[in-house]
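In full-length UniProt numbering, the protein residues as written are 1 to 190. For every residue, glycine included, the Cβ atom is placed at its ideal position computed from N, Cα and C.
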Amino acid sequence: MATENKNLSEYDKNTIPNAKDFRFGIVVSEWNDTITEGLYNGAYDALVDCDVPLNQIIRWNVPGSFELIYGAKKMLQTQNVDAVIVIGCVIQGETKHFDFVCEGVTQGIKDLNVQTDIPVIFCVLTDNTMQQSIDRSGGIHGNKGTEAAIAAIKMAYIRQQASMSHPFHQPLLSTGALQIEDKPRKIENE
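As structure tokens, this is what we get:
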């Protein structure tokens, strides 16, 4: 299990780009709301901890995980955000409904990332049991919402840097911080 030996809530603030000028959208599914509220709280707290102003965090609720796609699409179109986090929880049941919802949401969020210039971060738990979801929404494995918020900050930063006139690269530093170059690097075979 990927989260067995990892606390989803742990991050090194020194490796996170400055987020004070970014605007984030969070679309939250109302289905399995005990879990999705925990995920939202983890995301919200991490954004605030990384200096995102409260008025730069927008929350929209949608009925279920399948509706996250439409909610994210409309947020991208109307809210001038730097990244969107979609939060949902689908728990395996007795029918194939689980498979269809998980596949549809995954593909829909992937499509938004391909079709738009604003990153959409996937924070949808797809667990076999309620206990697994509890463990990943503030329980023994930490909070996947926290992890999603840190990913959103990093992706907003990448988007910002990619739009600038000078390139950036990932240095081989222990901090993992992105480094911006003052002049373009020569590309081999140019």
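Cβ-Cβ separation, residue j to residue i (assumed contact under 8 Å), whole Å
i, j, result
"Asn-61", "Glu-10", "That belief does not hold up - the Cβ atoms of Asn-61 and Glu-10 are roughly 28 Å apart, past 8 Å."
"Pro-119", "Arg-159", "6 Å"
"Ile-109", "Ala-72", "7 Å"
"Ser-133", "Gly-145", "About 12 Å; that fails the 8 Å criterion."
"Asn-8", "Asn-128", "The sequence shown places Leu at residue 8, rather than the Asn named in the question. Rounded, the Cβ-Cβ distance is 17 Å, inconsistent with contact."
"Gln-56", "Phe-22", "7 Å"
"Lys-13", "Cys-50", "7 Å"
Identity of the residues DSSP links to residue i by a beta bridge
i, result
"Val-84", "Gly-25, Val-120"
"Val-90", "Thr-126"
"Arg-59", "Ile-26"
"Asn-143", "Ser-137"
Beta-carbon spacing of residue i, residue j below 8 Å
i, j, result
"Phe-24", "Val-48", "no"
"Ile-121", "Ile-69", "no"
"Ala-43", "Ala-156", "no"
"Ile-91", "Thr-36", "no"
"Cys-123", "Leu-39", "yes"
"Val-27", "Phe-66", "no"
"Cys-89", "Leu-125", "yes"
"Ile-153", "Pro-17", "yes"
First through last residue of the alpha helix (DSSP H) which encompasses residue i
i, result
"Pro-64", "Note that residue 64 corresponds to Gly in the displayed sequence, not to Pro. First-last for Gly-64: undefined, no H or E at that position."
"Glu-37", "33 to 49"
Any non-hydrogen atom of the ligand ATP closer than 7 Å to residue i Cβ
i, result
"Cys-50", "Looking at this structure, you won't find the ligand ATP or any other ligand, since it has none at all."
Neighbour flag for residue i against chain C, beta carbons, 8 Å
i, result
"Thr-36", "The structure shown contains no chain C; it holds only a single protein chain."
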